[in-house]
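In what follows, a structure is listed as structure tokens, so that the remarks can point back to it.
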Amino acid sequence: MDIPRIISVDDHVVEPPDLWSARLPKKFVDRGPRIERHKVSMNITGGYSFTVDDPAGADCDVWYYDDLVYPFTRLSAAVGAEVVQNEPCTFDDILVGCYDQTQRLADMDANHVEASLCFPNILPRFCGQAFLEREDKELALLCIQVYNDWMIDEWCAGAGYGRLIPLTMVPLWDPQLAAAEVRRCAAKGSHSITFSENPSPLGLPSVH
66 MDIPRIISVD DHVVEPPDLW SARLPKKFVD RGPRIERHKV SMNITGGYSF TVDDPAGADC
126 DVWYYDDLVY PFTRLSAAVG AEVVQNEPCT FDDILVGCYD QTQRLADMDA NHVEASLCFP
186 NILPRFCGQA FLEREDKELA LLCIQVYNDW MIDEWCAGAG YGRLIPLTMV PLWDPQLAAA
246 EVRRCAAKGS HSITFSENPS PLGLPSVH
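For reference, each letter of the sequence shown is one residue, going 66 to 273 in this note's numbering.
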């Protein structure tokens, strides 16, 4: 008897290092999300902290976006409990299928998965909180739209069509902009959005 293949509705995609730097308007590239490699040390004793450009640190890919500095760690993308640690990490250290469609589909085949709904992961966080928290909302909206277009037109297109299910973000700070982005993405083929399960701690109105 054939065993039904899995439809996974809680997967994640690691944002490719050039997702925004290759797609934002030129005037925003230096402030938009981008990866730089540095020596980074991390400490979890007495609370999490990190030091960038520590000569004693390890190679680490660091996300920069306006005032946000976010080192890539093994907590974000690692396979095996023994390596899921709060330690510096680079894109060279993780499975290519974390961010490459072809390899993700191969990984899904190996794992008996028919279709996958992928949430944002490292920089945006799960419903785009990073964009909500930045002061420049023009750039934040552009970043969301760049991500959504990549999700629909690249990650979920071609060989991934029908297997990788588009999941898009909305600008959480403005209901009208959010509704417009829902309509824009729906017209392009996305019929799901990621949204906070509890907006109040984000400084947004309660849904209750």
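Glycine included, C-beta positions come from ideal geometry on N, C-alpha and C. Being a predicted model, the structure only gives us computed values, none of them experimental.
Rounded to the nearest whole angstrom, the C-alpha separation of L160 and H256 is 28 angstroms. The count of Cβ pairs closer than 8 angstroms, one atom from the region 212 to 228 and one from the region 101 to 119, stays below three, leaving the stretches out of contact. Fewer than three pairs of CB atoms, one per stretch, sit closer than 8 angstroms, so the region 191 to 198 makes no contact with the region 241 to 252. Inter-residue distance for L89 and C125 is about 24 angstroms (C-alpha atoms, whole angstroms). Distances from the CA of D83 to each of S261, V211 and N176 were compared; the closest alpha carbon is that of V211. With a minimum length of 3 residues, the unbroken runs of beta strand (DSSP E) contained wholly in the region 139 to 184 fall at 178 to 184. Distance from the CA of A252 to the CA of A222, rounded to the nearest whole angstrom, comes to 15 angstroms.
The shortest C-alpha to C-alpha distance from R249 to any of W238, N263, M234 and F260 is the one to M234. Contact between S181 and D76 holds: CB atoms are separated by about 5 angstroms, below the 8 angstroms threshold.
About 6 angstroms separates the beta carbons of F137 and I187, which is inside the 8 angstroms limit, making them a contact pair. The region 195 to 251 is shown to contain whole alpha helix (DSSP H) runs of 4 or more residues at 202 to 215, in chain order. Per DSSP, A123 is one residue of the beta strand (DSSP E) stretching across A123 to Y130. Following the DSSP letters along the chain, one finds S73 inside the beta strand (DSSP E) bounded by residues I71 to H77. Judged by DSSP in its simplified three-state form, F93 adopts helix. For E101, the enclosing beta strand (DSSP E) covers residues R99 to N108. Within the same chain, Cβ atoms closer than 8 angstroms to the Cβ of R102 are found at D124, C125, D126, V127 and T155, the five residues on either side in sequence being excluded.
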